[in-house]
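Structure first, then comments.
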Amino acid sequence: MKQRFLIKIALVLALTPTFTGWAQTPEKWWERANSAYTGGDYPEAILHYDSIRAQGYVSARLYYNLANAYYKDNQIGKAILNYNKALRLDPGNDDIKHNLAIANSYVRDRIDTVPEFFLKTWARELMYRAGTDSWAVMNLVFFALALALVLVYLLGRRMSWRKAGF
0 MKQRFLIKIA LVLALTPTFT GWAQTPEKWW ERANSAYTGG DYPEAILHYD
50 SIRAQGYVSA RLYYNLANAY YKDNQIGKAI LNYNKALRLD PGNDDIKHNL
100 AIANSYVRDR IDTVPEFFLK TWARELMYRA GTDSWAVMNL VFFALALALV
150 LVYLLGRRMS WRKAGF
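Mapping of the sequence shown onto the working numbering: residues 0 to 165, in sequence order.
Structure below.
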């Protein structure tokens, strides 16, 4: 707990412009983060990757490396979050998908999805099978039918015709 607090203070100090000795270019932070990660100092790597992100730099590699550091530091939730951010920026990356699947396998409180009601499934299938032209024609036919029934209701002389139109 105390170590995480000190890391947050160091991050604030590093991003403050008055500490010119700490102010570094993103490339320097990247090198420090990578060397800390390869050295096994994952909280330090997280600190440096977060400082790059806090400066406004965004990339799939940054989120991927940050997620890997969180994963190695046993912060699975933050790792999954950053894997998802990386996947949004680079949806075709198989490494991100693989690591995300591994991280998701550690989630303890899985929520089982409720099966969909069969009528809803049938309606969706019907909707997807019919093209836009056929939907347009069906809407025009139903609109003409509704208009004819309204006219029968309004202009019908016998009560039975009016009831049928209603």
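Think of the CB as a built atom: it goes at the ideal place given N, C-alpha and C, for glycine as much as any other residue.
Subject >> Range covered by the alpha helix (DSSP H) that runs through G76 >> reply: The residue you call residue 76 lines up with position 77 of the sequence shown. Start and end: I75 to L88.
Original post:
Going by beta carbon distance, what residues of the same chain come within less than 7 Å of A102, once the five residues before and after it are set aside?
Top reply: Here residue 102 is taken as the residue at index 103 of the sequence shown, counted from 1. Correct list, in chain order: Y70, I75, A78, I79 and Y82.
Original post:
Are L61 and I51 closer than 8 Å when you measure CB to CB?
Top reply: As a first step, residue 61 is located in the sequence shown; it is residue number 62 there, counting from the start. As a first step, residue 51 is located in the sequence shown; it is residue number 52 there, counting from the start. Yes, the Cβ-Cβ distance between L61 and I51 is below 8 Å.
Original post:
Is there at least one Cβ from chain C nearer than 8 Å to K119's Cβ?
Top reply: Looking for chain C here will not work: only one protein chain is present.
Subject >> Per-residue DSSP class, three states only, for S58 >> reply: Residue numbering aside, residue 58 sits at position 59 when the sequence shown is read from its first letter. Here S58 sits in coil by DSSP.
Subject >> Local conformation of R161 per DSSP, three classes >> reply: Your numbering for residue 161 matches position 162 in the sequence shown. Here R161 sits in helix by DSSP.
Original post:
Can you tell me the Cα-Cα spacing of H47 and I110, whole angstroms?
Top reply: Within the sequence shown, numbered from 1, the residue matching residue 47 stands at position 48. Within the sequence shown, numbered from 1, the residue matching residue 110 stands at position 111. Straight-line Cα distance between these residues: approximately 34 Å.
Original post:
Straight-line CA distance for F4 to R107?
Top reply: Taking the sequence shown and counting its residues from 1, one reaches residue 4 at position 5. Taking the sequence shown and counting its residues from 1, one reaches residue 107 at position 108. At F4, the pLDDT of 47 sits below 50, so the modelled position is not reliable and the matter cannot be decided from this model.
Original post:
On the three-state DSSP scale, how would you describe A35?
Top reply: As a first step, residue 35 is located in the sequence shown; it is residue number 36 there, counting from the start. Looking at A35 - three-state DSSP - the assignment turns out to be helix.
**OP:** Would you kindly work out how many angstroms separate the C-alpha atoms of A32 and D40, rounded to a whole number?
**Re:** For the purposes of this step, residue 32 is identified with residue 33 of the sequence shown, where counting begins at 1. For the purposes of this step, residue 40 is identified with residue 41 of the sequence shown, where counting begins at 1. C-alpha separation (whole angstroms): 9 Å.
Original post:
For the alpha helix (DSSP H) that contains Y48, what are its first and last residues?
Top reply: Position 49 of the sequence shown, counted from the first residue, corresponds to residue 48. Y48 -> alpha helix (DSSP H) spans Y41 to A53.
Original post:
Of all the beta strand (DSSP E) runs that stay within the bounds of the stretch 100-149, which reach a length of 3 or more residues?
Top reply: none
Original post:
Out of G130, A129 and N67, which has the shortest C-alpha to C-alpha gap to A100?
Top reply: Mapped onto the sequence shown, residue 100 falls at position 101. With distances taken between Cα atoms, A100 lies closest to N67.
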